[in-house]
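For the sequence shown, the numbering used here begins at 1120 and goes up steadily by one. C-beta: ideal position from N, C-alpha, C; glycine also. What follows is one structure encoded as structure tokens, with my remarks underneath.
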Amino acid sequence: MKAKIFAVIIIIALGAFVANSAKVIDKGTEGQYTGVKAFDASESSGSDWAKISEEITTNAAEINAIDLNALGAGKAIKIHGTVSEFSSKAGGKRKSIIITPENYSGNMIFSVQLGSVYTGTSVRDSQTIKKFGDFTNQTEWSQYAKALNSQLDKDVVTPLAINDSIKGKTITVIGAAVSSGNQVNITPVSIVIE
């Protein structure tokens, strides 16, 4: 009988010890204890943006020097010409311009995305700073592409406050491009308006 009482006392004491030594970890602070940091797409894209912008600018090919029908997932290109059209859709969240390039005799239409919403992943796909294997999963890879688009909107497009008055102006755009039919869609990393 004494052994049973002693065993119960030991179990109660052990339970009290474990209960008092357990630590409750707040959600979002796990990394402080495990060393594994939660993925932050904005932080990652922000720290990479200067290198990516420089890489795309360095690798940008003139439109007459490449096959515009085979731009694949993303190709760095440079276009110089006149803005022939400005478009604003979805309450101003999907702005774009059409550029008529100088010294170009083909039939492609050149459209430049001006945000604030961007479609596609051409900037991410045109760079080599980061690759899919640098991320844990497809979700992080997709978040990275969106964060790069947000970064270029903040750093490249928004400061220019482009509106309908841009029509007729000469412009140079460097960016990541993809082709679809007879249209080349460019997501810019550099815009110079003359």
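Kindly list the residues whose CB is nearer than 6 Å to the CB of residue i, restricted to its own chain and excluding five residues on each side of it in sequence; keep chain order.
i       : result
Val1276 : Leu1233, Gly1234
Glu1204 : Ile1217
Lys1214 : Ser1207, Leu1233
Glu1221 : His1199, Gly1200
Val1236 : Lys1212, Arg1213
Ala1264 : Thr1240, Arg1243
Pop quiz: residue i and residue j are said to be a contact at Cβ under 8 Å. What is the actual Cβ separation, rounded to whole angstroms?
i       : j       : result
Ser1241 : Gly1193 : 4 Å
Ile1312 : Leu1279 : 7 Å
Val1303 : Gly1294 : That belief does not hold up - the Cβ atoms of Val1303 and Gly1294 are roughly 10 Å apart, past 8 Å.
Does DSSP put residue i in a helix, a strand or coil?
i       : result
Gln1246 : coil
Phe1254 : coil
Ala1179 : coil
Gly1165 : helix
Asn1282 : coil
Ala1184 : helix
Ser1224 : coil
Ala1157 : coil
Identify, in the order they occur along the chain, each residue of the same chain with its Cβ nearer than 8 Å to the Cβ of residue i, setting aside the five sequence neighbours on each side.
i       : result
Ile1248 : Asp1167, Lys1170, Ile1171, Glu1174
Ser1298 : Leu1187, Asn1188, Ala1189, Leu1190, Met1227, Asn1304
Lys1288 : Thr1201, Val1202, Ile1312, Glu1313
Based on Cα-Cα distance, which residue from the options lies nearest to residue i?
i       : options                            : result
Ile1198 : Asn1282, Asn1178, Thr1291          : Thr1291
Ser1164 : Ile1310, Ala1296, Leu1267          : Leu1267
Ile1185 : Val1202, Gly1225, Thr1219, Glu1162 : Gly1225
Gly1239 : Lys1250, Gly1287, Gln1262          : Gln1262
Ser1284 : Lys1273, Val1202, Gly1210          : Val1202
Ala1180 : Glu1162, Ser1269, Ser1245, Ser1230 : Ser1245
Thr1306 : Gly1252, Thr1289, Lys1288, Leu1271 : Leu1271
Tell me where the beta strand (DSSP E) around residue i begins and ends.
i       : result
Ile1216 : 1213-1220
Thr1306 : 1302-1312
Lys1194 : 1194-1208
Ile1293 : 1289-1299
Gly1234 : 1228-1235
Identify, in the order they occur along the chain, each residue of the same chain with its Cβ nearer than 7 Å to the Cβ of residue i, setting aside the five sequence neighbours on each side.
i       : result
Ile1182 : Ile1196, Ile1198, Pro1220, Tyr1223
Thr1176 : Ile1293, Val1308, Ser1309
Checking contacts by CB at 9 Å: is residue i closer than that to chain D?
i       : result
Thr1240 : In the structure shown, chain D does not exist; there is a single protein chain.
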